[in-house]
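Trainee: Residue numbers (this note's numbering): 289 to 535. No residue lacks a Cβ here, since even glycine has one placed at the ideal position from N, Cα and C. From a predicted model like this one, the values you see are computed outputs, not experimental measurements. This is the structure, below, for whatever I ask next.
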Amino acid sequence: MARRRVWAATDIGLVRKTNEDCFGLAATISDGRSREEWQGELNTTTGVGWAVIADGMGGHEAGEIASRSVVESLHERADLLVSEAGIVAALNEANATIFESIAGGRGRPGMGSTIVGVVFVRQLCFAFNIGDSRLYLKRKSELFQMSMDDTMGASRSGMHSRSHALTQSLGGTRYPVPLFPHIRTWRPICDDILILGSDGLSDMLSDDEILTNLVLDEHPARGLVEAALRAGGRDNVTAIVIGPEVD
């Protein structure tokens, strides 16, 4: 049975007052604490192994409500995450939960969240995202971005930060609008390593710096988060690292 070790870490950062990031896997959902870590395994042969990060928007409390509602919704409908059509359906359900929360008086109008996730289904991998949280594939010595940023403008030369005018998110609008999630499918190989990160990671670390700081030691997700904090920690930062196959 093929398995992959997985590590997750989140930190409020050095500037923000609230952690609006939320990570989720089949076995756990982060609870909004200033700093949290987790490690375990994904079964990538049978069943569905998945991991997601949501980065909330909307200010104090509202952003964390939006991101957690998205992750909880996907957790409840993980049965859908077995095909591209199912992923689209699950994301639309997660989007609806944000507007239901607003209508029910939980949260604030305009709150929203990005989402990035990966799903192992038998011999396939599905990557999906809406917004600017990212998923990278490390194959051999190269790093490939498997997600697509929903942002306006290009990165500024010589700086890690990029425009944060989002062109798409879950919620974030007065009324629901159609979603166009980015989905990629590929066949993973046993040595592939996957890195999911909120923009607090990719804004602070270049691709080369992510590679440099990715060390599969005691807790590689913690290592990436701490590197982002050393680089300035201007936002909440969350990382999930899915390692190579182990027997």
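#1: Spatial neighbours of residue 408 within its chain, please: C-beta separation below 6 Å, excluding the five flanking residues on both sides.
#2: Using the C-alpha atoms, what's the distance from residue 531 back to residue 308?
#3: Alpha carbon to alpha carbon, how far is residue 501 from residue 392? Give it in angstroms, no decimals.
#4: Three or more beta-carbon pairs under 8 Å between the region 368-388 and the region 419-428, yes or no?
#5: Would the beta-carbon of residue 375 fall within 8 Å of that of residue 471?
#6: Which residues in the same chain as residue 297 place their Cβ atom closer than 6 Å to its Cβ, once the five residues preceding and following it in sequence are excluded?
#7: For the beta strand (DSSP E) that contains residue 262, what are its first and last residues?
#8: Can you look up residue 363 in the DSSP assignment and give me helix, strand or coil?
#9: Which runs of the alpha helix (DSSP H) fall wholly inside the region 437-509 and span at least 4 residues, in chain order?
#10: So residue 380 is in the alpha helix (DSSP H); what residue range does that whole segment cover?
#11: Can you tell me the Cα-Cα spacing of residue 299 and residue 416, whole angstroms?
#12: Any idea if residue 304 is buried or exposed, counting beta-carbon neighbours within 10 angstroms, 16 or more meaning buried?
#13: Could you check how far apart the C-beta atoms of residue 482 and residue 406 are, in whole angstroms? I think they sit under 8 Å.
#14: Can you grab the Cα-Cα spacing for the pair residue 372 / residue 351, in whole Å?
#15: Provide the residue(s) that pair with residue 343 in DSSP beta bridges, ordered along the chain.
#16: Between the C-alpha atoms of residue 291 and residue 410, what's the straight-line distance to the nearest angstrom?
#17: Hey, would you say residue 399 sits closer than 8 Å to residue 459, going by beta carbons?
#18: Confirm, please, whether the CB-CB distance from residue 453 to residue 489 is below 8 Å.
Mentor: This is what the structure gives:
#1: Within the sequence shown, numbered from 1, the residue matching residue 408 stands at position 120. 332, 337.
#2: Taking the sequence shown and counting its residues from 1, the one referred to as residue 308 is at position 20. Taking the sequence shown and counting its residues from 1, the one referred to as residue 531 is at position 243. Approximately 26 Å between the Cα atoms of the pair.
#3: What you label residue 392 is simply residue 104 of the sequence shown in a count that begins at 1. What you label residue 501 is simply residue 213 of the sequence shown in a count that begins at 1. The alpha-carbon atoms of residue 392 and residue 501 are separated by roughly 43 Å.
#4: no
#5: The residue you call residue 375 lines up with position 87 of the sequence shown. The residue you call residue 471 lines up with position 183 of the sequence shown. Yes, the Cβ-Cβ distance between residue 375 and residue 471 is below 8 Å.
#6: The sequence position of residue 297 within the sequence shown is 9, counting from 1. The residues are 325, 509, 510, 513, 527.
#7: In the structure displayed, the chain extends from 289 to 535; residue 262 sits before or after that span and is not available.
#8: Working through the sequence shown from its first residue, we reach residue 363 at position 75. Note: residue 363 maps to helix in three-state DSSP.
#9: 487-490, 495-501
#10: Working through the sequence shown from its first residue, we reach residue 380 at position 92. Element bounds for residue 380: 372-391.
#11: Here residue 299 refers to the residue found at position 11 of the sequence shown. Here residue 416 refers to the residue found at position 128 of the sequence shown. Using only the alpha carbons, I get a separation of about 23 Å.
#12: Numbered from 1 along the sequence shown, position 16 holds the residue referred to as residue 304. Its Cβ being crowded by 16 or more others within 10 Å, residue 304 is buried.
#13: Indexing the sequence shown from 1 puts residue 482 at position 194. Indexing the sequence shown from 1 puts residue 406 at position 118. Contact flag correct, Cβ pair sits at about 6 Å.
#14: Locating residue 372 in the sequence shown gives position 84, where the first residue counts as 1. Locating residue 351 in the sequence shown gives position 63, where the first residue counts as 1. Roughly 27 Å separates the two Cα atoms.
#15: Translated into positions along the sequence shown, residue 343 becomes position 55. In the DSSP output, where bridge partners are listed per residue, residue 343 has 309, 402.
#16: As a working mapping, residue 291 is identified with position 3 in the sequence shown. As a working mapping, residue 410 is identified with position 122 in the sequence shown. Each residue's Cα considered, the two are about 12 Å apart.
#17: Translated into positions along the sequence shown, residue 399 becomes position 111. Translated into positions along the sequence shown, residue 459 becomes position 171. Going by C-beta atoms, residue 399 is nearer than 8 Å to residue 459.
#18: Walking along the sequence shown from the start, residue 489 turns up at place 201. Walking along the sequence shown from the start, residue 453 turns up at place 165. Their beta carbons are not under 8 Å apart, which means residue 489 does not touch residue 453 by this criterion.
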